[in-house]
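Undergrad: First the structure, then my questions, so here it is.
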Amino acid sequence: MEILISEIDIMKYTFINQAENAELTFFFREKELSQNFTQKKRRGKYFTIALNLSADQLVILDGNEIVFQSGTLIPLFTNQSFEFQEPQKIIAWQYNCEFYNGMGVDLLNSELSSSLLENRIISLDPSNSKKIGSIATMFLDEFSGTNNAERDMLEILLRQLIVIVYRLAREQHLNGQESIEERNELISRYNKMVEIHFKEHHQVLFYADKLHKSPKTLSNLFLLYNYRSPILVIHERIIKEAKKLFYYTDKSAKEIAYELGFQEQAHFSRFFKNHTDQSPTHYKKSFLYFENGKN
Numbered sequence: 001m002e003i004l005i006s007e008i009d010i011m012k013y014t015f016i017n018q019a020e021n022a023e024l025t026f027f028f029r030e031k032e033l034s035q036n037f038t039q040k041k042r043r044g045k046y047f048t049i050a051l052n053l054s055a056d057q058l059v060i061l062d063g064n065e066i067v068f069q070s071g072t073l074i075p076l077f078t079n080q081s082f083e084f085q086e087p088q089k090i091i092a093w094q095y096n097c098e099f100y101n102g103m104g105v106d107l108l109n110s111e112l113s114s115s116l117l118e119n120r121i122i123s124l125d126p127s128n129s130k131k132i133g134s135i136a137t138m139f140l141d142e143f144s145g146t147n148n149a150e151r152d153m154l155e156i157l158l159r160q161l162i163v164i165v166y167r168l169a170r171e172q173h174l175n176g177q178e179s180i181e182e183r184n185e186l187i188s189r190y191n192k193m194v195e196i197h198f199k200e201h202h203q204v205l206f207y208a209d210k211l212h213k214s215p216k217t218l219s220n221l222f223l224l225y226n227y228r229s230p231i232l233v234i235h236e237r238i239i240k241e242a243k244k245l246f247y248y249t250d251k252s253a254k255e256i257a258y259e260l261g262f263q264e265q266a267h268f269s270r271f272f273k274n275h276t277d278q279s280p281t282h283y284k285k286s287f288l289y290f291e292n293g294k295n
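Start counting the sequence shown at 1; every next residue gets the next number (UniProt numbering).
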């Protein structure tokens, strides 16, 4: 792979759009490249595409050792922890949700799949190795130019990279996995199940088991489709029902809590306030006051 830069150079470039909180970082043989999911400030923040430029090395992925072969790629998700044995021998692109949202939802819907990319080592043939080498060189040129890096150009380059990664993953790992339409159907089935069971089952694990998927797979799938997280789907449905019961019935907060599957009113009250910034009592009073004010 030809990348026009000195072997001794070590670089890390970051683009940040503060207004949108959009961020992209390009690593070239940096000494530090890891993501610790246990650290709250790092949680759920970055997607990473890493390329091994040198000899085989180990990557510790969610506590498991995986051989990262020379001249291969690995996509890494926001909810994964990883640490490379020799990060200074790796090129990586790291970006957050706010950055790729600007690239358009269609790319995510048509070009990415967590079930296809998760924990996959992707091999590069000479042609695609040359293409990615050119993309890396253009990233370096864009960041190291006399003017500030342009987001439009970075988006174009990242889009090209993602398309190559996805296409190679399809060729190497698809092996009869479900189609995009089937994955859309999976999300639809999840939503329908939540509609039926949200009062009794508040955890993603219940629905994941019914769908024969892991909670992490569902979470990755929803995230890459720019959809609300599986747990948020459940929580929002509970809140919607709670508000309806408060508004249309005379039931107490305790009665509504039990109806919605909460064993303790205090737990329900905390849950309601976390999602609405109002306690159940204040919520009830707020619309009663509004109605009385109109009369």
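C-beta: ideal position from N, C-alpha, C; glycine also.
Under a three-way DSSP split, which group does Gln69 fall into?
TA: Here Gln69 sits in coil by DSSP.
Undergrad: Are the region 16-26 and the region 119-135 in contact at 8 Å, needing three or more beta carbon pairs?
TA: With the cut-off at 8 Å, the region 16-26 and the region 119-135 do not touch.
Undergrad: Which residue marks the beginning of the alpha helix (DSSP H) containing Leu58, and which one marks its end?
TA: Where Leu58 is concerned, there is no enclosing alpha helix (DSSP H), although the beta strand (DSSP E) it sits in stretches over 57-61.
Undergrad: Compute the Euclidean distance between the alpha carbons of Leu157 and Tyr207, then round it to the nearest angstrom.
TA: So the two alpha carbons sit approximately 38 Å from each other.
Undergrad: Per DSSP, what are the beta-bridge partners of Met11 in this structure?
TA: Met11 is bridged to Phe28.
Undergrad: Alpha carbon to alpha carbon, what distance is there between Val165 and residue 305?
TA: Here the chain covers residues 1 to 295 and nothing more, so residue 305 does not appear.
Undergrad: Please go through the same chain and pick out, in chain order, the residues whose beta-carbon is closer than 7 Å to the beta-carbon of Asp62, but skip the five residues on each side of it.
TA: Excluding positions up to five away in sequence, the list reads Gln80, Ser81.
Undergrad: May I ask you to report which of helix, strand or coil DSSP gives Leu51?
TA: Strand, per DSSP.
Undergrad: Return the residue from the list Ile90, Ile122, Phe26 that minimises the CA-CA distance to Arg170.
TA: Nearest of Ile90, Ile122, Phe26 to Arg170, Cα basis: Ile122.
Undergrad: Would you call the CB atoms of Ala242 and Phe222 closer than 9 Å?
TA: Cβ distance not < 9 Å, so Ala242 and Phe222 don't count as in contact.
Undergrad: Please state whether DSSP places Phe139 in a helix, a strand or coil.
TA: In this structure, Phe139 counts as helix in the three-state DSSP scheme.
Undergrad: Would Lys31 and Gln88 qualify as a contact pair, given that the criterion is a beta-carbon distance under 9 Å?
TA: In contact: Lys31 and Gln88 (Cβ atoms closer than 9 Å).
Undergrad: Hey, Phe47 and Phe77 are a contact pair by Cβ (cut 8 Å); roughly how many whole angstroms apart?
TA: Sure, about 6 Å apart at Cβ, within 8 Å.
Undergrad: Between Val194 and Asp250, what straight-line distance do the alpha-carbon atoms span, to the nearest angstrom?
TA: Going by the C-alpha atoms only, they are around 25 Å apart.
Undergrad: When you compare the CB positions of Gln265 and Lys254, do they come within less than 9 Å of one another, or not?
TA: Their beta carbons are under 9 Å apart, which means Gln265 touches Lys254 by this criterion.
Undergrad: Distance check for Asn191 and Leu205, CA to CA, integer angstroms please.
TA: Cα to Cα, the separation comes out at about 14 Å.
Undergrad: If you run the structure through DSSP and keep just helix, strand and coil, what is Tyr46?
TA: In this structure, Tyr46 counts as strand in the three-state DSSP scheme.
Undergrad: Give the straight-line distance between the Cα atoms of Gln35 and Phe27, rounded to the nearest whole angstrom.
TA: In a straight line, the C-alpha of Gln35 is about 14 Å away from that of Phe27.
Undergrad: Check whether the Cβ atoms of Leu198 and Ile231 sit closer than 9 Å, and answer yes or no.
TA: Per the sequence shown, residue 198 should be read as Phe rather than Leu. No, these two residues do not count as a Cβ contact at 9 Å.
Undergrad: Closest by CA to Gln263, which one among Ala22, Gly145, Ile49, His202?
TA: Among Ala22, Gly145, Ile49, His202, the Cα nearest to that of Gln263 belongs to His202.
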